[in-house]
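Below is one structure, written out as structure tokens, with a few remarks after it.
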Amino acid sequence: MAEVSHQDGYDVDQIRETEYPMLKGETYLDHAGTTLYSSSLIKEYLEEMSGNLYGNPHSGSTSSMLSTARVQEARKHVLEFFKASPDHFDIVFVLNATSAMKLVVEAFISHETGSTSPSLWYGYHVDSHTSAIGIRQLASAGHHCFASDNAVDRWLETGSLVAGGQNGGSSSPAASRVSQIGLFAYPGQSNMTGRRLPLNWPGRLRRSTLAAHQQVYSLLDAAALASTAPVDLSDPSEAADFTTVSFYKIFGFPDLGALIVRKDAAHLLLRRPYFGGGTVEMVLCNGESWHSAKKGAIHEALEDGTVPFHNIIALDCALSTHQRLYGSMDQVSRHTSKLVSHLYRKLSSLRHQNGSNVCQIYKDPSAIYGDRKTQGPVVAFNLTSADGSWVKLSDLEAAANEHHIHLRTGDVCNPGGIARHLNLAPWELFRNFRAGVRCGCKNVMIGQKPSGIARVSLGAMSSMQDVETFVSFVQRKFASSASLFIRNILVYPIRGCSAWWITDGSRIDLTHNGLRWDGQWCLVGLETGAILTPLEVPRLLLVYPEIDSCRRTLRI
Numbered sequence: 001m002a003e004v005s006h007q008d009g010y011d012v013d014q015i016r017e018t019e020y021p022m023l024k025g026e027t028y029l030d031h032a033g034t035t036l037y038s039s040s041l042i043k044e045y046l047e048e049m050s051g052n053l054y055g056n057p058h059s060g061s062t063s064s065m066l067s068t069a070r071v072q073e074a075r076k077h078v079l080e081f082f083k084a085s086p087d088h089f090d091i092v093f094v095l096n097a098t099s100a101m102k103l104v105v106e107a108f109i110s111h112e113t114g115s116t117s118p119s120l121w122y123g124y125h126v127d128s129h130t131s132a133i134g135i136r137q138l139a140s141a142g143h144h145c146f147a148s149d150n151a152v153d154r155w156l157e158t159g160s161l162v163a164g165g166q167n168g169g170s171s172s173p174a175a176s177r178v179s180q181i182g183l184f185a186y187p188g189q190s191n192m193t194g195r196r197l198p199l200n201w202p203g204r205l206r207r208s209t210l211a212a213h214q215q216v217y218s219l220l221d222a223a224a225l226a227s228t229a230p231v232d233l234s235d236p237s238e239a240a241d242f243t244t245v246s247f248y249k250i251f252g253f254p255d256l257g258a259l260i261v262r263k264d265a266a267h268l269l270l271r272r273p274y275f276g277g278g279t280v281e282m283v284l285c286n287g288e289s290w291h292s293a294k295k296g297a298i299h300e301a302l303e304d305g306t307v308p309f310h311n312i313i314a315l316d317c318a319l320s321t322h323q324r325l326y327g328s329m330d331q332v333s334r335h336t337s338k339l340v341s342h343l344y345r346k347l348s349s350l351r352h353q354n355g356s357n358v359c360q361i362y363k364d365p366s367a368i369y370g371d372r373k374t375q376g377p378v379v380a381f382n383l384t385s386a387d388g389s390w391v392k393l394s395d396l397e398a399a400a401n402e403h404h405i406h407l408r409t410g411d412v413c414n415p416g417g418i419a420r421h422l423n424l425a426p427w428e429l430f431r432n433f434r435a436g437v438r439c440g441c442k443n444v445m446i447g448q449k450p451s452g453i454a455r456v457s458l459g460a461m462s463s464m465q466d467v468e469t470f471v472s473f474v475q476r477k478f479a480s481s482a483s484l485f486i487r488n489i490l491v492y493p494i495r496g497c498s499a500w501w502i503t504d505g506s507r508i509d510l511t512h513n514g515l516r517w518d519g520q521w522c523l524v525g526l527e528t529g530a531i532l533t534p535l536e537v538p539r540l541l542l543v544y545p546e547i548d549s550c551r552r553t554l555r556i
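Numbers 1 to 556, taken from full-length UniProt numbering, label the letters of the sequence shown in order.
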């Protein structure tokens, strides 16, 4: 185990021993939900908070200026972490990736220019997180679900939306008026299967001269991708206009997110109608309703109210601690890729005694375990019994909890991926909704199809022992072994003599005293009247009795 870790640039076993005491006796396999924070991070943050006086950044005191300086440092370090030049990008701190998406779309829908035409067209990938899908509710010019990577590629090449997607309102931004804008969103990594999607789509969209692509901007949901892979924004011409991340998925702490804004697209966000404290230069209330938004840095106009400066300071601690422990995200990516390849091979090879698969693994054909460009450290699956029936997710989860194994079950906030991989038609989902099935139901079969999946995901501090523990758990608890059968039964009718063999196909009755005829007779010495034993008369073992139950006779 340590050998694999050293090859990746860090000794994960040593790191776990010193930095993650909460993992003793636990197997944590839900890093796609959140990874774990290190002891060093908490200690560094505690020292930072107890050793400094931090005031509200909106004040002018020395404590306030210290907070402002630390927030500026953190903002600079976050840009460096993503290799994003401050000349081309800015960081807007938000609660999480969902809040970042919401900030973008709320700014987009304010772009009415006096026209009565709808303002926003929205396109999204079928593998999108629920939070990204929710944007379609605000797309008054229509929306389209791209059913596959090929559908996106065709749209980028031709500008037309072909069959296979799902539309609402107008089918393409090509028919929109100049006052309308569009947004295309997709995940860098599926939060269901861990498949990694192409990162060249934003650049292709930006360079397109097709009418359908004009004023259509890109949003990359990098929350899942950034947790175990480097997100490189060093080339602004290839980067998405808006990139969303959640830092707790990368560092475990703090609970904070960010919107990384490409400055060339920032004007789209600066016309939002709402303003909060800290984002304006002046506000008039009496007599006139007028305000002037801040015209400086992008984040100053978008971070409403007091920024979560304590969390931002914690983020700066997390950045330095993570680099000290793991070196780089590229090393984390290599480490987790090796582990998940081993996990995939092991789970794929599990068989029941009749040769059937134990695990049904959901994997895109284009994704290859071990190829960091196409697959992240996630395995999505369901378990089957030897008779082909599905194992209930609640049974798996209960057994995992009993063995201190932490995983995720359900629809994992990826409705498009679930429907596609489990082959669930909309009518099936509607039928079950009417029957009371809701998100989070784990015992539901839709036409003998499971309604959710189990997901195990790895992180920087995952070890080979985690993988082996989980595989062993699945094998012991859910893989049926070969059935036992009786080849021969030995009955000893005469005590001390050899056995009578009951061969396959023969019958012998079972009484309340045991097997019939067993120990029913004995040999007695004529002179002593005592029962003879092999110790006294070894030749007794040469006596082979045989019973004919039909004739009710004993032959020797």
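Cβ atoms here follow ideal geometry from the backbone N, Cα and C, with glycine treated the same way.
According to DSSP, is T503 part of a helix, a strand, or is it coil?
By one-based count along the sequence shown, residue 503 stands at place 503. T503: coil per DSSP, three-state reduction.
Where does P236 fall in DSSP's three states?
Translated into the one-based positions of the sequence shown, residue 236 becomes position 236. It is coil, neither helix nor strand.
Minimum C-alpha distance to G25 - residue among G33, H31, A32 and R16
Here the question's residue 25 lines up with position 25 in the sequence shown. Comparing Cα positions, the closest option is R16.
Alpha carbon to alpha carbon, how far is D221 from D127?
The count along the sequence shown starts at 1 and reaches residue 221 at position 221. The count along the sequence shown starts at 1 and reaches residue 127 at position 127. Distance between the alpha carbons of D221 and D127: 11 Å.
In chain order, what are the residue ranges of uninterrupted beta strand (DSSP E) at least 3 long that sit wholly in the segment 255-288?
257-262 and 280-284
Taking the straight line between their C-alpha atoms, what separation do you get for A151 and L161?
Sequence index remark: in the sequence shown, residue 151 carries index 151 (1-based). Sequence index remark: in the sequence shown, residue 161 carries index 161 (1-based). For A151 and L161, the distance between alpha carbons rounds to 8 Å.
How about the segment 383-402 and the segment 87-94: do they share at least three Cβ pairs that are nearer than 8 Å?
no
Using the Cβ count rule (16 or more neighbours within 10 Å means buried), how would you classify G525?
Within the sequence shown, the letter at position 525 stands for residue 525. Answer is exposed; the Cβ neighbour count stays below 16.
Collapsed DSSP secondary structure at H512 in the structure displayed
Stepping through the sequence shown from its first residue, residue 512 is reached at position 512. Coil, per DSSP.
Please name the residue, chosen from A454, F473, E402 and N401, that lies closest to L422 on a Cα-to-Cα basis.
Start at 1 with the first residue of the sequence shown, and residue 422 comes out as number 422. With distances taken between Cα atoms, L422 lies closest to A454.
Measuring straight from C-alpha to C-alpha, what distance separates L138 and G416?
For the purposes of this step, residue 138 is taken as residue 138 along the sequence shown, with counting starting at 1. For the purposes of this step, residue 416 is taken as residue 416 along the sequence shown, with counting starting at 1. Using only the alpha carbons, I get a separation of about 19 Å.
Pair within 8 Å by beta-carbon distance, T331 and G194:
Indexing the sequence shown from 1 puts residue 331 at position 331. Indexing the sequence shown from 1 puts residue 194 at position 194. The residue asked about is misnamed: residue 331 is Gln in this sequence, not Thr. Cβ distance not < 8 Å, so Q331 and G194 don't count as in contact.
In chain order, what are the residue ranges of uninterrupted alpha helix (DSSP H) at least 4 long that sit wholly in the segment 184-253?
201-207 and 248-251
In whole angstroms, what separates the C-alpha of A74 from that of P426?
By one-based count along the sequence shown, residue 74 stands at place 74. By one-based count along the sequence shown, residue 426 stands at place 426. Cα to Cα, the separation comes out at about 45 Å.
How would you write the range of the alpha helix (DSSP H) that H88 sits in, first residue to last?
Reading the sequence shown from its first residue, position 88 is the one you call residue 88. Careful: H88 lies outside any alpha helix (DSSP H) and carries neither H nor E.
For N382: DSSP bridge partner residues
Sequence index remark: in the sequence shown, residue 382 carries index 382 (1-based). Q360, per the DSSP bridge assignment.
Starting from the Cα of N488, find the closest Cα among A499, F478, S480 and A479 and give me that residue.
Here residue 488 refers to the residue found at position 488 of the sequence shown. Among A499, F478, S480 and A479, the Cα nearest to that of N488 belongs to A499.
By Cβ distance, which residues of its chain are closer than 7 Å to Y37, with the 5 residues on each side in sequence left out?
Here residue 37 refers to the residue found at position 37 when the sequence shown is read from its first residue. Cβ neighbours of Y37 beyond the five flanking positions: F251, G252 and F253.
Tell me whether M445 sits in a helix, a strand or coil according to DSSP, three-state version.
Looking up residue 445 in the sequence shown gives position 445. Correct three-state label for M445: strand.
Cβ-Cβ distance between I494 and L523 below 8 Å:
The residue given as residue 494 occupies position 494 in the sequence shown. The residue given as residue 523 occupies position 523 in the sequence shown. Taking 8 Å as the Cβ cut-off, I494 and L523 qualify as a contacting pair.
Can you tell me whether DSSP reads G296 as helix, strand or coil?
In the sequence shown, residue 296 corresponds to position 296, counting from 1. G296: coil per DSSP, three-state reduction.
Return the CA-CA distance between C359 and V391, expressed in angstroms with no decimal places.
The residue you call residue 359 lines up with position 359 of the sequence shown. The residue you call residue 391 lines up with position 391 of the sequence shown. Cα-Cα distance, rounded: 10 Å.
Residue closest to A226, alpha-carbon to alpha-carbon, out of T18, T244 and G327:
If you number the sequence shown from 1, residue 226 lands on position 226. Answer by Cα proximity: T244.
What are the boundary residues of the beta strand (DSSP E) that includes T409?
Taking the sequence shown and counting its residues from 1, the one referred to as residue 409 is at position 409. Segment R408 to G410, the beta strand (DSSP E) holding T409.
Using the rule of at least 16 other Cβ atoms within 10 Å of the residue's Cβ for burial, across every protein chain shown, is L339 buried or exposed?
For the purposes of this step, residue 339 is identified with residue 339 of the sequence shown, where counting begins at 1. Burial call: buried.
Helix, strand or coil for P538? Go by DSSP, reduced to three states.
On the sequence shown, residue 538 is found 538 positions in, with the first residue counted as 1. In the structure shown, P538 sits in a helix (DSSP, three-state: H, G or I).
So if DSSP puts D30 in a beta bridge, which residue, or which two residues, is it bridged to?
In the sequence shown, counting from the first residue as 1, residue 30 sits at position 30. DSSP, once it has assigned bridges, lists S457 as partnering D30.
Could you pull out every residue in the same chain whose Cβ sits closer than 6 Å to the Cβ of P308, ignoring the five residues on either side in sequence?
Stepping through the sequence shown from its first residue, residue 308 is reached at position 308. So no residue of the chain qualifies.
Where Y54 and M65 are concerned, what is the direct C-alpha to C-alpha distance, given to the nearest angstrom?
Start at 1 with the first residue of the sequence shown, and residue 54 comes out as number 54. Start at 1 with the first residue of the sequence shown, and residue 65 comes out as number 65. Taking the straight line joining both Cα atoms gives about 8 Å.
Unbroken beta strand (DSSP E) run spanning C550, endpoints:
Walking along the sequence shown from the start, residue 550 turns up at place 550. No beta strand (DSSP E) holds C550; DSSP gives it neither H nor E.
Since Y217 and L268 are thought to touch, with beta carbons under 8 Å apart, how far apart are those beta carbons, to the nearest angstrom?
In the sequence shown, counting from the first residue as 1, residue 217 sits at position 217. In the sequence shown, counting from the first residue as 1, residue 268 sits at position 268. Indeed they touch by this definition, with Cβ atoms about 7 Å apart.
Give the straight-line distance between the Cα atoms of S549 and L535, rounded to the nearest whole angstrom.
Translated into the one-based positions of the sequence shown, residue 549 becomes position 549. Translated into the one-based positions of the sequence shown, residue 535 becomes position 535. Rounded to whole angstroms, S549 to L535 spans 30 Å at the Cα level.
A258 classed as buried or exposed, judged by whether at least 16 other C-beta atoms fall within 10 angstroms:
In the sequence shown, counting from the first residue as 1, residue 258 sits at position 258. Per the 10 Å Cβ criterion, buried.
Given a threshold of 16 other Cβ atoms within 10 Å of its Cβ, counted over all protein chains shown, does K249 qualify as buried or as exposed?
Indexing the sequence shown from 1 puts residue 249 at position 249. Burial call: buried.
Between L120 and A107, how many whole angstroms is the CB-CB distance? I'm expecting something under 8 Å.
Counting from one through the sequence shown, the residue named residue 120 turns up at place 120. Counting from one through the sequence shown, the residue named residue 107 turns up at place 107. About 10 Å separates the two Cβ atoms, so there is no contact after all.
Pick helix, strand or coil for C145, following the three-state DSSP scheme.
Mapped onto the sequence shown, residue 145 falls at position 145. If DSSP states are grouped into helix, strand and coil, C145 belongs with the strands.
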